Amino acid sequence: ELKVEQNPLFLSMQEGKNYTIYCNYSTTSDRLYWYRQDPGKSLESLFVLLSNGAVKQEGRLMASLDTKARLSTLHITAAVHDLSATYFCAARYGNKLVFGAGTILRVKS
Amino acid sequence: DTEVTQTPKHLVMGMTNKKSLKCEQHMGHRAMYWYKQKAKKPPELMFVYSYEKLSINESVPSRFSPECPNSSLLNLHLHALQPEDSALYLCASSQVANYGYTFGSGTRLTVV
Numbered sequence: 104e105l106k107v108e109q110n111p112l113f114l115s116m117q118e119g120k121n122y123t124i125y126c127n128y129s130t131t132s133d134r135l136y137w138y139r140q141d142p143g144k145s146l147e148s149l150f151v152l153l154s155n156g157a158v159k160q161e162g163r164l165m166a167s168l169d170t171k172a173r174l175s176t177l178h179i180t181a182a183v184h185d186l187s188a189t190y191f192c193a194a195r196y197g198n199k200l201v202f203g204a205g206t207i208l209r210v211k212s
Numbered sequence: 024d025t026e027v028t029q030t031p032k033h034l035v036m037g038m039t040n041k042k043s044l045k046c047e048q049h050m051g052h053r054a055m056y057w058y059k060q061k062a063k064k065p066p067e068l069m070f071v072y073s074y075e076k077l078s079i080n081e082s083v084p085s086r087f088s089p090e091c092p093n094s095s096l097l098n099l100h101l102h103a104l105q106p107e108d109s110a111l112y113l114c115a116s117s118q119v120a121n122y123g124y125t126f127g128s129g130t131r132l133t134v135v
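Chain order of the listed sequences is Y and U. Add 103 to the 1-based position in the first sequence for our numbering, that's all there is to it. Add 23 to the 1-based position in the second sequence for our numbering, that's all there is to it.
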C-alpha cells in the first residue's frame, strides 16, 4: 500500500527567504502531484510530475521529482504573503490518489 | 467547460435525514471520485467510479451510498449519518488514462 509523507507539517516563513517542502512516497508511483488549498476552499492543482528528473516552475514555486529516491520537493523562492496556504503532495497508485498530510505555510512580514 | 460542479455548497442535516450530494462534469472524463476531508487533514478517498462502474470502495460505511447515473454525473446518497461524518466532501474527475485530476469546490456537510 502506498504511503505518502510530507515534511515539515508546518512552516513559518519570512518574506523574501527560500524554503523547501519534502514529499516521500513508499512504493513505485507513476505520477506525483502538488496541490494548494486555502482555508475552506477546494484543491488547486499546482504541478503534475510524470518522470524522473522532472522539474516544473510556476512563479515562486518549483517542483521536482526523483523517482529513484521516491522523493519530490516543492521549493519556494523569496516567499511572499500570498503563498500562505496548505500544500499537499499526492502520489498516484493504480486508480487512487494518495495524499500526504499537508504542509501549512505561513509567511510573516 | 473545464469544471467539476458540486451542489449544494453547504448542507446541514439531522442524523435521521436522507440527503444527496451531486457532482457534475462535462469534460468527457470517465473516472469520478468522492473524497472526504476533515478539518486540518488531507483528503481521503471514499469511492472511485470508472466508466460508470464502481471500481473502488475504501471500506466506507453503508450510510454513504454512491451512484453514477451517467458519465457526467456522480451522486452521494447520505442516510443516518453521525456527527463525526461532518466534513468537506470533494468530488473529482479524470480521464482514465490521463494524468490530470479536476476537483470540485466541495460540499461542506454538518451533521447535527
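Quick reminder that beta carbons are idealized off the backbone N, C-alpha and C, glycines included. Computed from a predicted model, the values in this text were never measured in an experiment.
Residue from Y:Thr-189, Y:Lys-106, Y:Ala-157 with nearest C-alpha to Ser-129 (chain Y): Closest option to Ser-129 (chain Y), judged by alpha-carbon separation, among Y:Thr-189, Y:Lys-106, Y:Ala-157: Y:Lys-106.
Enclosing beta strand (DSSP E) for Phe-178 (chain Y) [first to last residue]: First, the residue type needs correcting, since residue 178 (chain Y) is His and not Phe in the sequence shown. The continuous beta strand (DSSP E) containing His-178 (chain Y) extends over residues 174-179.
DSSP-derived helix/strand/coil call for Pro-92 (chain U): Annotated three-state conformation of Pro-92 (chain U) is strand, per DSSP.
Distance between Asn-198 (chain Y) and Lys-64 (chain U) (C-alpha atoms, nearest Å): Lys-64 (chain U) and Asn-198 (chain Y): Cα-Cα distance of roughly 21 Å.
C-beta contact flag for Arg-139 (chain Y) and Leu-149 (chain Y) at 8 Å: Contact annotation: Arg-139 (chain Y) and Leu-149 (chain Y) have beta-carbon atoms nearer than 8 Å.
Collapsed DSSP secondary structure at Asp-133 (chain Y) in the structure displayed: In the structure shown, Asp-133 (chain Y) sits in coil (DSSP, three-state: anything other than H, G, I, E or B).
Cutoff 8 Å; reference Gly-123 (chain U); Cβ partners in own chain excluding five residues on either side: Hits under 8 Å: Ser-117.
Residues near Val-210 (chain Y) by beta carbon distance below 7 Å, same chain, minus five either side: Result list for Val-210 (chain Y): Met-116, Glu-118, Ala-182, Val-183, His-184, Leu-186, Ser-187, in chain order.
Pair within 8 Å by beta-carbon distance, Glu-47 (chain U) and Thr-25 (chain U): No, Cβ-Cβ distance for Glu-47 (chain U) and Thr-25 (chain U) is not below 8 Å.
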